[in-house]
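Numbering (my numbering), first residue to last: 3 to 96.
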C-alpha cells in the first residue's frame, strides 16, 4: 500500500475536492453505512448477494473520504496513527 502522503497527493492531483468538510463527513457516513450493510450480508453467509470485491470497494471509498477530510482539516494521519499506536501499546501493556 502506498504511504499516506502518496495517497493524499494522488487524491489531491486527480480528484479536486468540491465539497466542504460537512458534506465530506456526511459522505463518509454514507460510505460507512454501505460497508455495514455489505458486511452484514457477508457475515450472515449470504455471499452470493455480495463479494469481497464489494467490501473492498466500500473500504476504499471510506479511505478516500477519510484521507480527503483529514487533508481538508490539515491533519497528518500518519503522525496521528503512530501516536495512537503508541497509546494502544501502553493500553495493552506492550
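From the three backbone atoms N, C-alpha and C, an ideal C-beta is built for every residue, glycine too. Since the model is a prediction, treat every value here as computed from it, not as a measurement.
ask   = Run through DSSP, which three-state label would residue 26 get?
value = Looking up residue 26 in the chain shown gives position 24. Looking at residue 26 - three-state DSSP - the assignment turns out to be helix.
query = Cα separation between residue 6 and residue 83?
reply = For the purposes of this step, residue 6 is taken as residue 4 along the chain shown, with counting starting at 1. For the purposes of this step, residue 83 is taken as residue 81 along the chain shown, with counting starting at 1. Near 10 angstroms, if we compare the C-alpha coordinates of residue 83 and residue 6.
query = In terms of residue numbering, what span does the alpha helix (DSSP H) encompassing residue 64 cover?
reply = Working through the chain shown from its first residue, we reach residue 64 at position 62. It spans 54-74 - the alpha helix (DSSP H) in which residue 64 sits, taken as one unbroken run.
Sequence-distant residues of its chain with Cβ nearer than 7 angstroms to residue 13 (five each side left out) = Position 11 of the chain shown, counting from 1, holds the residue named residue 13. Closer than 7 angstroms at Cβ, skipping near neighbours: 66, 69 and 70.
task = For the segment 28-35 and the segment 57-64, state whether three or more C-beta atom pairs, one from each stretch, are separated by less than 8 angstroms.
result = yes
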